[in-house]
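Take 271 as the starting number for the first sequence in the working numbering and just add one per residue. In what follows, a single structure is set out as structure tokens and then discussed.
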Amino acid sequence: MKITHENIEVIRHSLAHLLAMAVRELYPGAQNAIGPAIENGFYQDFELPAQISENDLLTIEKKMQELLPRWTEWTSNTVTLEEVKKEFDWNKYKMELANEFAKEKKTLTFYTCGGFVDLCKGGHTLPLAEIDPHSFKLDRVAGAYWRGDEKNKMLTRIYGLAFATKKELDEYLAMRAEAEKRDHKKLGPALDLFTFSELVGAGLPLWTPKGTLLRNTLDAFVWELRSARGYERVEIPHITKKDLYERSGHWDKFKDELFRITTREGHEFAMKPMNCPHHTQIYARKKWSYRDLPQRYANTTMVYRDEQSGELAGLARVRCITQDDAHVFCRESQVKEEFLKIWDIVHEFYGAIGFELKVRLSLHDPKHPEKYLGNPSSWKKAEGILRDIAREKGVDAPEAPGEAAFYGPKIDFMGKDSIGREWQVATIQLDMNMPERFNLTCVNEKSEDERIVMLHAAIMGAIERYLAIIIEHFAGAFPLWLSPIQVAIIPVSDKFADYGAKVRDALQKEGVRVEMKHADETLGKRIRAAEMQKIPYMVIIGEREEKTDTVNVRPYTIAPFVTSDGKQTNEPSINEFVAGIKKEIEGKQIRLEPHERKNNQIPL
RNA sequence: GCCGGUGUAGCUCAGGGGCAGAGCAACGCUUUCGUAAAGCGUGGGUCGUCGGUUCAAAUCCGACCACCGGCUCCA
271 MKITHENIEV IRHSLAHLLA MAVRELYPGA QNAIGPAIEN GFYQDFELPA
321 QISENDLLTI EKKMQELLPR WTEWTSNTVT LEEVKKEFDW NKYKMELANE
371 FAKEKKTLTF YTCGGFVDLC KGGHTLPLAE IDPHSFKLDR VAGAYWRGDE
421 KNKMLTRIYG LAFATKKELD EYLAMRAEAE KRDHKKLGPA LDLFTFSELV
471 GAGLPLWTPK GTLLRNTLDA FVWELRSARG YERVEIPHIT KKDLYERSGH
521 WDKFKDELFR ITTREGHEFA MKPMNCPHHT QIYARKKWSY RDLPQRYANT
571 TMVYRDEQSG ELAGLARVRC ITQDDAHVFC RESQVKEEFL KIWDIVHEFY
621 GAIGFELKVR LSLHDPKHPE KYLGNPSSWK KAEGILRDIA REKGVDAPEA
671 PGEAAFYGPK IDFMGKDSIG REWQVATIQL DMNMPERFNL TCVNEKSEDE
721 RIVMLHAAIM GAIERYLAII IEHFAGAFPL WLSPIQVAII PVSDKFADYG
771 AKVRDALQKE GVRVEMKHAD ETLGKRIRAA EMQKIPYMVI IGEREEKTDT
821 VNVRPYTIAP FVTSDGKQTN EPSINEFVAG IKKEIEGKQI RLEPHERKNN
871 QIPL
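This is the structure:
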């Protein structure tokens, strides 16, 4: 039997059955619920008579391997609800499904292999016994709600990995080990970018000088791109009376996730969970002429959301989120032009990071109108405008119903990182509802009050989450322009400290971030420390360099040094070095393509 | 929030009812070095927190806090 990428799904699904059998033999009374194939493997949910942990997985896996040779042939037969009852009386989950299918007049089928009968919609065509018994592996134990509903009982889910060959399984495990080494939760503190304190609380990262530098450098780049397109900075308080959110509709929809504050006089306030309502009030400060529009407000600022404790995860999900937020208040006739301007910003920004972008049209879910503000016709209109823009851009933009914001549809940008994972990053949203609720208008050519519309745009989205993504994308080895420390100067001994200071001053004069380590440790040790900190350039200086007014760029640094006129050298003069560094920073160059960052030039 | 796991020095971890341990880091002295870890020495702890059991708790039990893997949620 040849296992291909088409039939591996079938194998994975069959393995879920085998897992169910193994668990039922080891834990009599266990009820197996559902068990599908998933990306990279399969899972099976159980209600178990005993608690199990990851330590038990090896035993279960051995049992699966012991049973495997008997799984030579599948038989299937259509059954009646009565027959299901007879066979699965003991299993309330199978019975719940069977009753439901019967009600919907769906066919009920049993699939049997290796003496194990299961109620299943089928697709098992391959003799499982022929697979390599080492091409699968049980992976994790987790809780999962029956049918994905948190009101239901929590079952025990066992995850397994399964591939066509053991080699592929090993490769997958190696890739996962690679991802773990890049984990921002480990790399961030190791590179001294951020920290958490138990006294401050979960989900509330604290930013060190280096991390703050990184945040500010990224935000300055976004601001540079916005500023060139007519945006202006605004600033707002981080709290508000609840009245603002009652008007906007956020109070009703998100009151559980708001951090609330009661003043000593008993008035109710909230920490802002988003910025748009505040920004509407900046727009609403006066009557606008159509000539003054668009008004483009940019504001990088923190918002606060009372996330469930179990949701928090490093920087990827936090309780205080820095948004690089912007709102454009404009006439409907200006929407397309403003949208395209933001689109350009997104492309320029992500080009500099080396992310490939895909576009997604996030639309409302017509089946759940209660989840959204406004009326169907304004949604239809707004979504039509976004479709036109995507078409005009000539990009492939798959539509995702149900992914819209509650006030309007979005164009979302999905970025693929260096190890192939996809993330939603930038977003541009078209909002006809907030302007309605806050009665935002301008006076048009005919002296009438004209309803305006609002665009919401974030380039990085949440800076915390964005940093989590790029720390992992770059494995902590940032491009020169982003590195908190750009050059480490390492004199072979303190005899050359003066020359080192000369090199340092030459770089610092040009705004380069430099660190010089005194020679109270061995050369090797200082080089190692700089490598671990992933400092892009290390220059070693000693007698040779002092005599010739050069620096020695450590040859095995991330990439070769290139002078400003394009010459590759490890022994540039001080002036050549400064000019080359400056050019590389200004050009926001990425010296290595992300996939090259996997090799051992980068200490992980 | 729910299920499971984990919590010992700044970091990585050992120990497991009877004196709190190692390596790295830090600090001091010696070394001044040519491309990934010099040598010797010193300091560092309410063993996550609070409570219980016990003559005795880092160790056993409970609650809480925090972290990890999932589930649910995610403007």
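All residues carry an ideal CB built from backbone N, CA and C; glycine is no exception. Owing to the predicted nature of the structure, the values given are computational and were not obtained by experimental measurement.
query	result
With a cut-off of 8 Å on the beta carbons, I'd call Tyr-560 and Cys-712 a contact; round off their distance for me.	5 Å
Report the start-end ranges of each alpha helix (DSSP H) in the stretch 802-868 that is 4 residues or longer and not cut off at the edges.	813-818 and 844-856
Could you please give the first and the last residue of the uninterrupted alpha helix (DSSP H) stretch that includes Leu-484?	479-497
For Glu-502, write down the residues that DSSP places opposite it in a beta bridge.	Tyr-567
Alpha carbon to alpha carbon, how far is Phe-847 from Lys-853?	10 Å
Considering Cα atoms alone, identify which of Asp-388, Lys-651, Asp-687 and Leu-563 is closest to His-283.	Asp-388
Quick check: what's the CA-CA separation for Cys-546 versus Met-730?	17 Å
Pick out the complete beta strand (DSSP E) segments inside the stretch 580-634, 3 residues or longer, and give them in chain order.	590-600 and 626-633
Checking the sheet assignment: what are the DSSP bridge partners for Val-713?	Ser-559 and Asp-719
For the putative contact between Ile-428 and Gln-321, defined by C-beta atoms under 8 Å, what is the C-beta separation to the nearest angstrom?	About 13 Å separates the two Cβ atoms, so there is no contact after all.
By a C-beta neighbour count over all protein chains shown, 10 Å radius and 16 as the cutoff for buried, is Lys-795 buried or exposed?	exposed
Please say whether Val-598 and Val-629 have beta carbons closer to each other than 7 Å?	no
Can you tell which of Ala-292, Arg-783, Gly-311 and Leu-367 has its C-alpha closest to the C-alpha of Glu-336?	Ala-292
DSSP three-state label for Thr-395, please.	coil
Please classify Ala-444 as buried or exposed, where buried requires at least 16 neighbouring CB atoms within 10 angstroms.	exposed
Take the Cβ of His-788 as the centre, count every other Cβ of all protein chains shown within 10 Å, and call the residue buried at 16 or more, exposed below.	exposed
Between Gln-644 and Asn-709, is the Cβ-Cβ spacing less than 7 Å?	Per the sequence shown, the amino acid found at residue 644 is Gly instead of Gln. Not a contact, by the Cβ cut-off of 7 Å.
Kindly indicate which three-state DSSP category Ala-286 falls into: helix, strand or coil?	helix
Determine the closest residue to Pro-564 out of Thr-839, Glu-602, Trp-613 and Glu-673, with distance taken between C-alpha atoms.	Glu-602
In terms of DSSP beta bridges, what is Ser-346 paired with?	Tyr-381
Have a look at Phe-625 and Pro-749 and give me their C-alpha separation to the nearest angstrom.	13 Å
Roughly how many angstroms separate the alpha carbons of His-454 and Pro-754, rounded to a whole number?	16 Å
Can you name the residues that DSSP bridges to Thr-532?	Glu-538
One question on the structure: do Leu-285 and Thr-426 come within less than 7 Å of each other, judged by their Cβ atoms?	no
Could you say which of Val-723, Val-821 and Gly-392 lies nearest to Tyr-381 if we only look at CA atoms?	Gly-392
May I ask you to report which of helix, strand or coil DSSP gives Tyr-429?	strand
Taking the alpha carbon of Ala-554 as the point to measure from, which residue in Phe-524, Gln-694, Pro-459 and Pro-705 has its own alpha carbon closest?	Pro-705
Quick check: the Cα distance between Pro-397 and Ala-449, rounded to an integer number of angstroms?	34 Å
Touch check for the stretch 758-766 and the stretch 629-640: three-plus C-beta pairs under 8 Å?	no
Go ahead and label Val-723 buried or exposed: buried means 16 or more other beta carbons lie within 10 angstroms of its beta carbon, across all protein chains shown.	buried
Could you have a look at Pro-668 and say whether DSSP puts it in helix, strand or coil?	coil
Going by CA-CA distance only, name the one from Phe-609, Ala-660, Leu-367 and Gly-850 that's closest to Arg-499.	Phe-609
Beta strand (DSSP E) containing Glu-527: first to last residue?	First-last for Glu-527: undefined, no H or E at that position.
On the DSSP letters alone, give me the boundaries of the beta strand (DSSP E) that Ile-759 sits inside.	757-761
In the DSSP assignment, the alpha helix (DSSP H) including Asp-658 goes from what residue to what residue?	646-663
List the endpoints of the continuous alpha helix (DSSP H) containing Ile-552.	546-553
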